[in-house]
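Participant: Dumping the structure here so I can ask a few things about it.
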Amino acid sequence: MAAIDINNVHKVYAGGVTAVSDVQLQIADGEFIVLVGPSGCGKSTLLRMVAGLETISEGEVKIGSRVVNETEPADRDIAMVFQNYALYPHMTVYNNLAYGLKNRGTPKAEIEARVAEAARMLEITQFLDRRPKQLSGGQRQRVAMGRAIVRKPAAFLFDEPLSNLDAKLRVSMRGEIKRLQRRLGTTSIYVTHDQLEAMTLADRLVVLNGGRVEQIGAPLEVYHAPASTFVASFIGSPAMNLMQGELHGDRLAIGPAILGLNGFAPISGPVTVGIRAEDLRLARVEEEAMPFRLDYVEELGSQRLVHGSVGDQTLTAAVPAETELVSEMRLAINPRRLHFFAPETGKRIASAAPAAAASVSVAQPVA
Amino acid sequence: MHRTNLSDHLVLIFGSLFLFLPVIVAFMTSTHTAADIHSNGIAITPGGHFFETYEKVLTQKGGFTGEITGARMVMNSLILGVGFAAGKIVLSMMAAYAIVYFRFPMATLAFWVIFTTLLLPLEVRIMPSYQVMSSLGLLNSYTGLIVPLLASATGTFYFRQFFKSVPEELLEAARMDGAGPFKFFFDILVPLSRTMIAAIFIIMFVYGWNQYLWPMLMTTDEKFFTLMRGIKSILQVWIGSQIPDYNEAFALAVLAMVPPLLIVVIFQRWFIKGLTESDK
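See the structure below:
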């Protein structure tokens, strides 16, 4: 068990491509960190630099109190779970688990004890004599995790471990990883491009884009107060609506709609407005609202996603399943739930009522 | 599913006969006496002299010096075949391992230099090779017979392609598990290459077994004669009114066929597995 410090780490490939630039991240002992971002954002590269599979161009990585920049992967006291499991196909499950321990000269009795314990924890005891080929995807995934667990490392590194599984298995394995990590209390770094996986697993999320950190924070913090339009559109499903608007005093104009803000306007002038689909609701007659032209509907069972437009800008709203649908609707939103971003930089503009965003982690009942 | 019908069977029967008949004829003819063969031609029925002929071929000392028996020739051929196959596999696996897994200057160039030697068959470089072996005093020795032919561009190429198909993550997982270059090679790569090794062993064994020109140049001492040369020397006695020992030539030919056949039969399960197994 150990804390991991990533200090001003850069990765520049031969040829001058910068994959990761200036990442600063302090991971506490026992914390579950998820690196999330679209493909090519540098999340895997960052993980592999911690693992020692990529050299660090600049900056330093500390595991515990030790700088490991020049340390071989095997000597970093970490274990990694790979996307395609990377099990040794010619070895039995038992030998797959034991191989790393054997190479470290662990006494035979202890190897047996540790493998047995890990196998019991992952419920793969009955497969110990089989070869990886004779196992299903989920079982292979467990073996891959077992191989990490038996080593009792200071940190687990997960490189998109669930992306080869089918949707249902992914959900159950997700829960299992979370439980296992809680139980072992091992510091973990987990890479994924799936924002749902990131939200559900993380103690803290690190959203990466183009090799830079966009935001670091607890899942709900990131969800309710995204630091930029990128984070806003990446975290959450459906993605946050981003619309061009203009603030005049206390009033917000979005296309043909003009909404009163009750003192929540942070600045005036052009602004990018972020609206979560679930924050929108059908307006009462007397309310100020946006005229919404319905385009198409996605039924999710528990709710409906209605896609359409306000003026010439597209908008998606999540409404209760029993909502009556008409081609022209009026949608209202609590001004506290609006997010404002600077139109040029995409950075979040702190709300005039700063506590607003963070305090609404529990949805208020709406009409 | 395709239903087998008569024409399928006919084609298969014809194919089997086409391949088997010459072998059967050679075997049956070898059991007749030389005079019988000379007057009646080749035979497809047993001649009743099986034990005599084969015993004579295997144990009677022959050749010009009278020091070489058939058994000795079989052993020489085996040494050559196995030495070839094993040596080539070891060398080409090591060469491919270096080329694929280690970054050193001009690795690609090194590979292509090895690869272009495929364009130079043994016959082209046989004189210089002979010269070198002769200067080293290795004529008439197993070392001289085997070592100069061990470097194998074909083997190196096959193993390079195979190693490249081994997923990168396996190497990374092994590094995490604390396996150094030696451990990775012996614990992971060699076991994974088993089927590939079997396939190359078959090809190289047959290649070594069938060598004719090189042993003929390298060895003048009859102790080192291989089966291939033995067959030839039996038919060289066509002098005067003597009837060539057809039966012995056929017997040697049959003997020459058996080991490669055994190798193929033994290894073919692996061989086919190596060619069809996609899950690595």
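Residue numbers (this note's numbering), protein chains in the order written: chain G, 1 to 367; chain D, 368 to 647. Just so it is clear, CB atoms sit at the ideal spot from N, CA and C, and this is done for glycine as well.
Gly249(G) by DSSP, collapsed to three states: which one?
Facilitator: Correct three-state label for Gly249(G): coil.
Participant: Can you give me the Cβ contacts of Ile567(D) inside the same chain, cut-off strictly under 7 Å, excluding the 5 residues immediately before and after it?
Facilitator: For Ile567(D), where only same-chain residues beyond five positions count, the Cβ hits under 7 Å are Ile456, Gly522 and Tyr525.
Participant: Taking Cβ-Cβ distances below 9 Å as the criterion, which residues of the region 68–90 of chain G are in contact with chain D?
Facilitator: Hits within the stretch, in order: Glu72, Pro73, Ala74, Asp75, Arg76, Ile78, Ala79, Met80, Phe82, Gln83, Asn84, Tyr85, Ala86, Leu87, Tyr88, Pro89 and His90.
Participant: Compare the beta carbon distance of Ile254(G) and Gly245(G) with 7 Å and say whether it is the shorter of the two.
Facilitator: Cβ distance < 7 Å, so Ile254(G) and Gly245(G) count as in contact.
Participant: Quick check on Thr420(D): buried or exposed, where buried means 16 or more other Cβ atoms within 10 Å of its Cβ?
Facilitator: Thr420(D) is buried by the Cβ-count criterion.
Participant: DSSP puts Lys152(G) in a beta bridge; with which residues?
Facilitator: DSSP lists no partner for Lys152(G).
Participant: Checking contacts by CB at 7 Å: is Arg636(D) closer than that to chain G?
Facilitator: No - not a single Cβ of chain G is within 7 Å of the one on Arg636(D).
Participant: Pick out whichever of Val143(G), Asn84(G) and Thr71(G) has its Cα sitting closest to the Cα of Asn95(G).
Facilitator: If we check each option's Cα against that of Asn95(G), Val143(G) comes out closest.
Participant: Report yes or no: do the region 265–280 of chain G and the region 308–321 of chain G share at least 3 C-beta pairs separated by less than 8 Å?
Facilitator: Yes: the two stretches touch, three or more of their Cβ pairs being nearer than 8 Å.
Participant: Using CA atoms only, rank isn't needed, just tell me which of Ser172(G), Asn241(G), Val93(G) and Val23(G) is closest to Val306(G).
Facilitator: Ranking the options by Cα distance to Val306(G), first place goes to Asn241(G).
Participant: Who are the near neighbours of Ala541(D) in its chain, counting only those whose CB is closer than 6 Å to its CB and skipping five residues on each side?
Facilitator: Excluding positions up to five away in sequence, the list reads Phe551 and Ile555.
Participant: Measuring CB to CB, does Arg527(D) end up less than 7 Å from Val467(D)?
Facilitator: Yes, Cβ-Cβ distance for Arg527(D) and Val467(D) is below 7 Å.
Participant: According to DSSP, simplified to helix, strand and coil, what is Val317(D)?
Facilitator: This structure cannot speak to residue 317(D), because chain D is shown only from 368 to 647.
Participant: Cutting at 8 Å between CB atoms, please list the residues of its own chain near Ile493(D), excluding the five before and the five after it.
Facilitator: Excluding sequence neighbours, Ile493(D) sits near Leu580, Trp581 and Leu584.
Participant: Taking CB distances under 7 Å as the criterion, tell me whether Arg104(G) reaches chain D.
Facilitator: Output row for Arg104(G): interface = yes.
Participant: Mind checking Ser519(D): buried by the 16 CB within 10 Å criterion, or exposed?
Facilitator: So Ser519(D) counts as buried.
Participant: Leu122(G) to Val213(G), Cα distance in whole Å?
Facilitator: So the alpha carbons of these two residues sit roughly 34 Å apart.
Participant: Is there a Cβ from chain G that is less than 7 Å from the Cβ of Met543(D)?
Facilitator: Yes, because at least one Cβ of chain G sits closer than 7 Å to the Cβ of Met543(D).
Participant: Return the first residue and the last residue of the beta strand (DSSP E) that Gln313(G) is part of.
Facilitator: Note, Gln313(G): beta strand (DSSP E), Gln313 to Pro320.
Participant: Would you mind stating whether Arg104(G) and Gly504(D) have Cβ atoms separated by less than 7 Å?
Facilitator: Cβ atoms of Arg104(G) and Gly504(D): not closer than 7 Å.
Participant: For Pro627(D), collect the residues of the same chain with a Cβ closer than 6 Å to its Cβ; drop the 5 residues on either side in sequence, then sort them by chain order.
Facilitator: Counting only Cβ-Cβ distances below 6 Å, and skipping sequence neighbours, we find Val573 and Trp576.
Participant: Where do the N-terminal and C-terminal ends of the beta strand (DSSP E) with His368(G) fall, by residue?
Facilitator: There is simply no residue 368(G) to check, as chain G begins at 1 and stops at 367 in what is shown.
Participant: According to DSSP, is Thr562(D) helix, strand or coil?
Facilitator: Helix at Thr562(D).
Participant: Might you give, ordered along the chain, the residues of its own chain that have their beta carbon closer than 7 Å to the beta carbon of Ala118(G), omitting 5 neighbours on each side?
Facilitator: The residues are Leu97, Gly146, Ile149 and Val150.
Participant: Using a Cβ-Cβ cut-off of less than 7 Å, give me the residues of the region 532–564 of chain D that come near chain G, in sequence order.
Facilitator: For the region 532–564 of chain D, which is checked against every Cβ of chain G, the residues closer than 7 Å are Pro534, Glu536, Leu537, Glu539, Ala540, Arg542, Met543, Asp544, Gly545, Ala546, Lys550, Ile555, Pro558 and Leu559.
Participant: Can you have a look at Arg348(G) and say buried or exposed, based on whether 16 or more other CB atoms are within 10 angstroms of its CB?
Facilitator: When all chains shown are included, Arg348(G) counts as buried.
Participant: Can you tell me whether DSSP reads Arg636(D) as helix, strand or coil?
Facilitator: The answer is helix: DSSP assigns Arg636(D) an H, G or I state.
Participant: Only counting the same chain, and skipping five residues up and downstream in sequence, which positions put a Cβ closer than 7 Å to that of Ala19(G)?
Facilitator: Around Ala19(G): Lys11, Tyr13, Gly42, Thr45 and Gly211.
Participant: To the nearest angstrom, how far is it from the Cα of Ala356(G) to the Cα of His224(G)?
Facilitator: Reliability fails at Ala356(G), whose pLDDT of 41 lies under 50, so the model's placement of it is uncertain and no value is given.
Participant: Skipping 5 residues on each side, what residues in its chain have a beta carbon closer than 7 Å to that of Ala202(G)?
Facilitator: Phe32, Ile33, Val34 and Pro219.
Participant: Quick check on the DSSP output: what are the complete beta strand (DSSP E) runs of length 3 or more inside the region 130–215 of chain G, in order along the chain?
Facilitator: Entirely contained in the region 130–215 of chain G, the beta strand (DSSP E) runs reaching 3 residues are, in chain order, 155–159, 187–192 and 204–209.
Participant: Would you call the CB atoms of Asn69(G) and Glu60(G) closer than 7 Å?
Facilitator: Cβ atoms of Asn69(G) and Glu60(G): closer than 7 Å.
Participant: Below 8 Å on the Cβ atoms is my contact criterion, and I expect Leu247(G) with Gly269(G) to pass it. Report the Cβ-Cβ distance as a whole number of Å.
Facilitator: Correct: roughly 6 Å between the Cβ atoms.
Participant: Write down the C-beta distance between Val93(G) and Phe158(G) rounded to the nearest angstrom, noting that I regard them as a contact closer than 8 Å.
Facilitator: Incorrect: roughly 20 Å between the Cβ atoms, too far for contact.
Participant: Among the residues of its own chain, which have a CB less than 8 Å from the CB of Ala401(D), if the five just before and after it don't count?
Facilitator: Correct list, in chain order: Ile610, Pro611, Asp612, Tyr613, Asn614 and Glu615.
Participant: Check Asp29(G) in the structure and name its three-state DSSP category.
Facilitator: Coil.
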